[in-house]
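In my numbering, the protein residues as written are -7 to 208.
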């Protein structure tokens, strides 16, 4: 039986409410029923605006990727500075939402505004000496790096919350070299595969690699 269209209920209202629910319920707990309860309607009323949960998640992904820091280079901005700024802005946008990286990684369809933004970004790189193909590859590589990095960051937070992350003593027992293992030394010296320092190191390596491709 079809639901009744509720006056004032829009697709954007559903997306905004779902985003507001994420800190409490996370991606796994974000159900159509939970969203309907939050809005004070029956679940069928939501299907006037989003046909599936995936369509709702795609809408959330659009909001995330259009966050401040995304979009084409500014006038006079080098491609290196722009890609660096974009990567940092994208990471911040993903981290601002519980399970943000999972939501964006699982997006199946982006809206026309997001597609147009990508095209403007490509145009910015082409205007700075990139071929269209290399521009697409560079943006894709940067996007995939940030998404994967934040996926691990957000998963690690969940492990820490559940007290499931292995401690230094446990790692020492696992590794053949014990306390002398390079991994143990790295951690003991403040190294980490996550966090700002690790992110910036990977970002610099990626920028260097893109520059090498551009100059081939």
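Note that beta-carbon positions come from the ideal geometry of N, C-alpha and C, so glycine has one too.
Compute the Euclidean distance between the alpha carbons of residue i and residue j, then round it to the nearest angstrom.
i	j	result
residue 189	residue 196	11 Å
residue 175	residue 186	14 Å
residue 200	residue 22	40 Å
residue 46	residue 37	17 Å
residue 140	residue 20	19 Å
residue 39	residue 13	19 Å
residue 61	residue 98	21 Å
Taking all protein chains shown into account, decide if residue i is buried (16 or more other Cβ within 10 angstroms of its Cβ) or exposed.
i	result
residue 108	exposed
residue 105	exposed
residue 50	buried
residue 146	buried
residue 83	buried
residue 67	exposed
residue 124	exposed
residue 172	exposed
Quick check: is the beta carbon of residue i nearer than 7 Å to any beta carbon in chain D?
i	result
residue 125	Annotation note: the requested chain D is absent from the structure, which comprises a single protein chain.
Can the beta-carbon of residue i be found closer than 7 Å to that of residue j?
i	j	result
residue 96	residue 131	no
residue 59	residue 85	yes
residue 88	residue 143	no
residue 31	residue 9	yes
residue 17	residue 35	no
residue 15	residue 80	no
Among the residues of its own chain, which have a CB less than 7 Å from the CB of residue i, if the five just before and after it don't count?
i	result
residue 238	What the structure shows of the chain is the stretch from -7 to 208, and residue 238 is not part of that stretch, so it cannot be assessed.
residue 198	133, 134, 137
residue 127	114, 117, 118
List the whole-angstrom C-beta distance separating residue i from residue j, where the pair is believed to meet the contact cut-off of C-beta under 8 Å.
i	j	result
residue 11	residue 48	Incorrect: roughly 10 Å between the Cβ atoms, too far for contact.
Excluding sequence positions up to five away, which residues of its chain have a Cβ less than 8 Å from the Cβ of residue i?
i	result
residue 205	126, 129, 130
residue 70	120
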